[in-house]
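Heads up, the thing below is written out as structure tokens.
Here it is in structure tokens:
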């Protein structure tokens, strides 16, 4: 039972990461019907910017670890979000009226450009985050020792998801995002500047992805310029499992995939972890091609 | 109020509108008649700025709006109730109305406009928390019109508001258009239901394959033998 709960919390923590990245895929798909294959690399960018901030600025000694990480998190989200806006301007906007396949190829190209730029700047070797940024104590939960980082990570992703959900559901811009996802033309007739809305979406998605990258760096400590590939792929699977284009779906799909993977690794085999993720994807595509929450397929976002 | 001069519109290499001139004065209801594919909807979409013309100009209240983006055109006071309604089906009635007022920042104005919409269509108030896609056809058309009014338009473009509605509903929609017009909104109305449109309108234009072939007072068009034969069933 101890193993089960340890793996469950572990799965939820990593699932929160998948969910944060999956939101970027699903929001962009919602408004543009485009899979942003460069999204995983923006996640990597977040992790690397975090590395630079942690190693170049010695803030922890001055203002303490938690305020520092909070501040860095905000900076990373801002920078990666801006990178997302620039990506859309350069790689997708010129192809807006072109064949959809053209944008997909452009997305794959953008992915290679970003990951290789990171390699050129930081080198191809694994990098390691500075040790002991956060005290690595455990918390006693129902008689089990759960690492503090694991709980912090899950809480943080849930907080970010709640903020996003409220933003999309309750604000004027959020409503405009949902309207744009339903019908670009009608949205423009309402006086909505659709290009601006697309920029907002390309800010929010990558900002969440960048935050996820920073969290993964803090949790696992190790970075590689290719890390966005596997995380991106997993998050994409999570988005499809939940129903692509659907925001609660991405959250649910991410958490679910994380838990299934962790339990599969514990009870089947660790080396089969990735295969299990793809197996789940195949099953979902056979049984419910629209994803778990996909019946609200018209509610694109 | 609105002056379209020598407007040409192309889809790719194919020209859909071959140089039309349309004039709408303040307070009027002007109707554009014509068969399917004559270019009526294209004309409205071009005024709204969703399609850019290849030649010609559109002037609204003395300002050239030909090259303005769609959102600026809504801000200037031109709103459209598009063909097929194009409601945001999975959003509520209230959210659809809020989106109609997207260009208005002042919360009190939005509230006032919403109240006016609900007084025009009390049914919508009952259903304000319902998803737009679950409304009946007539209610959806009411919502589309109400949404079009939320931005305080001075000119309302309406594309086939009677399409697919039962005759009794058509009558009430046309009554509403009259009410809206009396409240000071100028209306440019595209309709297949030529008789009802001409009875309502001050003036009319007849379009055929991308050209204006006839232009006159609505009363004269109603009795024009050519129009009677082609659009009024003899």
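Residue numbers (the numbering used here), protein chains in the order written: chain A, 9 to 309; chain B, 14 to 247. Backbone N, C-alpha and C define an ideal beta-carbon position, used for all residues, glycine too.
For residue 26 of chain A against residue 281 of chain A, the beta-carbon gap comes to about 13 angstroms, at or over 8 angstroms, which does not count as contact. Using a 10 angstroms sphere on the CB of residue 150 of chain A, the tally of other CB atoms stays under 16, which defines it as exposed. With respect to chain A, the C-beta atom of residue 116 of chain B has a partner C-beta closer than 8 angstroms.
Excluding five sequence positions before and after residue 143 of chain B, the CB atoms of its chain that fall closer than 7 angstroms to its own CB belong to 105, 106, given in chain order. With a cutoff of 8 angstroms on beta-carbon distance, residue 154 of chain A and residue 278 of chain A are scored as not near each other. Cβ neighbours of residue 168 of chain B within its own chain (closer than 8 angstroms, five residues either side excluded): 14, 15, 37, 73, 90, 91, 92, 198, 199, 200, 201. In terms of beta-carbon proximity, residue 152 of chain B stays away from the interface with chain A, with every pair separated by 8 angstroms or more. DSSP links residue 218 of chain B through a beta bridge to B/45, B/228. If you draw a straight line from the Cα of residue 289 of chain A to the Cα of residue 245 of chain B, it comes to about 58 angstroms.
Note on residue 67 of chain B: under 16 other CB atoms within 10 angstroms of its CB, so exposed under the neighbour-count rule. Beta-bridge pairing by DSSP links residue 154 of chain A to A/147.
Here residue 230 of chain A is exposed, its C-beta having fewer than 16 other C-beta atoms within 10 Å. Residue burial is scored here from C-beta neighbours: residue 47 of chain A has at least 16 other C-beta atoms within 10 angstroms and is therefore classed as buried. Residue 171 of chain B and residue 215 of chain B have their C-alpha atoms some 15 angstroms from each other. Where residue 171 of chain B is concerned, the enclosing beta strand (DSSP E) starts and stops at 168-172.
Counting of Cβ neighbours within 10 angstroms places residue 76 of chain B among the exposed residues, the total staying below 16. A contact between stretches requires three or more CB pairs, one per stretch, nearer than 8 angstroms, and the segment 49-69 of chain A fails this requirement with the segment 176-193 of chain A. Taking 8 angstroms as the cut-off, the Cβ atoms of residue 266 of chain A and residue 23 of chain A count as close. Among the bridge pairs identified by DSSP, residue 21 of chain B is matched with B/31, B/68.
Nearest CB-CB separation between residue 198 of chain A and chain B: below the 8 angstroms threshold.
Taking 4 residues as the minimum length, the alpha helix (DSSP H) runs contained wholly in the segment 64-141 of chain B are 83-89, 106-113, 120-133, 135-139, in order along the chain.
Annotation for residue 39 of chain A: the continuous alpha helix (DSSP H) segment containing it runs 10-40.
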